[in-house]
Amino acid sequence: MMLKRLLILGGTGDASELAAMASNIPGLEVRVSLAGRTSQPGEVSGIVRIGGFGGIDGLVTYLQTEQIDLLIDTTHPFASQISWNAAAAVKEVKIPSLMLVRPAWEKDKNDNWIEVESVETAANILPSLAKRVFLTIGRQQLAPFANLDNIWFLMRAIDPPSPNTPLPQGKLLLARGPFSLEDEKKLLLEYEIDTIVSKNSGGGATYAKIIAARELGIKVVMVQRSAMPEAENTASVDGAITWLVDKLSIY
Ligand code: NAP
Numbered sequence: 066m067m068l069k070r071l072l073i074l075g076g077t078g079d080a081s082e083l084a085a086m087a088s089n090i091p092g093l094e095v096r097v098s099l100a101g102r103t104s105q106p107g108e109v110s111g112i113v114r115i116g117g118f119g120g121i122d123g124l125v126t127y128l129q130t131e132q133i134d135l136l137i138d139t140t141h142p143f144a145s146q147i148s149w150n151a152a153a154a155v156k157e158v159k160i161p162s163l164m165l166v167r168p169a170w171e172k173d174k175n176d177n178w179i180e181v182e183s184v185e186t187a188a189n190i191l192p193s194l195a196k197r198v199f200l201t202i203g204r205q206q207l208a209p210f211a212n213l214d215n216i217w218f219l220m221r222a223i224d225p226p227s228p229n230t231p232l233p234q235g236k237l238l239l240a241r242g243p244f245s246l247e248d249e250k251k252l253l254l255e256y257e258i259d260t261i262v263s264k265n266s267g268g269g270a271t272y273a274k275i276i277a278a279r280e281l282g283i284k285v286v287m288v289q290r291s292a293m294p295e296a297e298n299t300a301s302v303d304g305a306i307t308w309l310v311d312k313l314s315i316y
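The following block contains the structure:
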């Protein structure tokens, strides 16, 4: 059997899980690409490359020179640029591709969500509804909150923000999920949080804060996902493995 090469676009827990499972498929070589945003990425199976490709053209060149046969986009639902680039690049090089898209969280009847279209909109509406905010959107988009002087922020990210980023007033916690419901409730109570700002990331690793908010009657400003390319997709790592096995069987 000829060895086939899979490129996984990563940066999520799902990508690491997929890479570990795909590495056990005979006849498949697994490459994982990370953007390089976190200083110490978690353990990842396969051959890992780090850093941007240089837009669509750079990705096309990579797929061609590295002779990639299959691509699975397992990037975060809020990392839309790379997904659009990948969709355009695979079309150009004509290789099969799949998107692994975690379903968005659904609002429960006991949830008090204010759904907004962007992080900027979240920042604009906060002064009318919050005094003490748990800001859980990572470290890349903190600047829009920096001038909200009447709000205290508890911010959580894996790595510290870049040195020149304007930061909102408050406290920065450095931590990587998954987080437990008990710990999330403790945090919300300890810091007297009245509002959480979250992206609708989906998945289990960071869902505990949403349950904690529901149970404690805390508001959530939920940033909705933006449009993603139309592409073949699956909602789970198992679904991606089934797709892979199916694709490999026709070579
Ligand atoms: P983005 O806006 O979609 O991508 C910006 C640029 O970063 C891309 O154009 C690409 O550069 C490079 N890039 C992104 N993902 C890459 C990958 N897996 N491999 C190589 N290059 C990649 O992405 P982002 O929101 O900055 O997120 C960056 C990474 O963090 C993603 O891999 C994502 O899975 C992960 N992540 C993001 C979030 C979030 O909330 N955005 C949350 C958790 C994890 P070139 O154009 O030069 O190729």
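Every letter in the sequence shown is one number past the one before it in our numbering, and letter 105, counting from 1, is 170.
Backbone N, C-alpha and C fix where the C-beta goes; we use that ideal spot for every residue, glycine too.
Thinking Thr-299 and Leu-165 are a contact (beta carbons under 8 Å), I'd like their distance in whole angstroms, please.
Sure, about 6 Å apart at Cβ, within 8 Å.
Cβ separation of Val-286 and Ala-187, assumed to be a contact under 8 Å, to the nearest whole Å:
Correct: roughly 5 Å between the Cβ atoms.
What is the rounded straight-line gap between the Cα of Leu-254 and the Cα of Asp-176?
Rounded to the nearest angstrom, the gap between the Cα atoms of Leu-254 and Asp-176 is 17 Å.
Could you tell me whether any non-hydrogen atom of the ligand NAP is closer than 7 Å to the CB of Ser-98?
Yes, the Cβ of Ser-98 comes within 7 Å of a heavy atom of the ligand NAP.
Tell me whether Trp-217 sits in a helix, a strand or coil according to DSSP, three-state version.
Here Trp-217 sits in strand by DSSP.
Cβ of Ser-227 within 7 Å of any heavy atom in the ligand NAP?
Because no heavy atom of the ligand NAP lies under 7 Å away, the Cβ of Ser-227 does not count as near it: no.
What are the uninterrupted segments assigned as alpha helix (DSSP H) that are 4 or more residues long and contained completely in the segment 174 to 198, given in chain order?
Fully enclosed alpha helix (DSSP H) runs of 4 or longer: 184 to 190.
Helix, strand or coil for Arg-114, going by three-state DSSP, please let me know.
Strand at Arg-114.
Just to confirm the assignment, what range does the alpha helix (DSSP H) spanning Glu-249 have?
First-last of the alpha helix (DSSP H) with Glu-249: 246 to 255.
If I measure Cβ to Cβ from Ala-100 and keep anything under 6 Å in the same chain, skipping five residues before and after, which residues do I get?
Close CB contacts of Ala-100 within its chain, under the 6 Å cut and outside five residues either way in sequence, are with Gly-76 (chain order).
Could you tell me whether any non-hydrogen atom of the ligand NAP is closer than 7 Å to the CB of Ala-296?
No, the ligand NAP has no heavy atom inside 7 Å of this Cβ.
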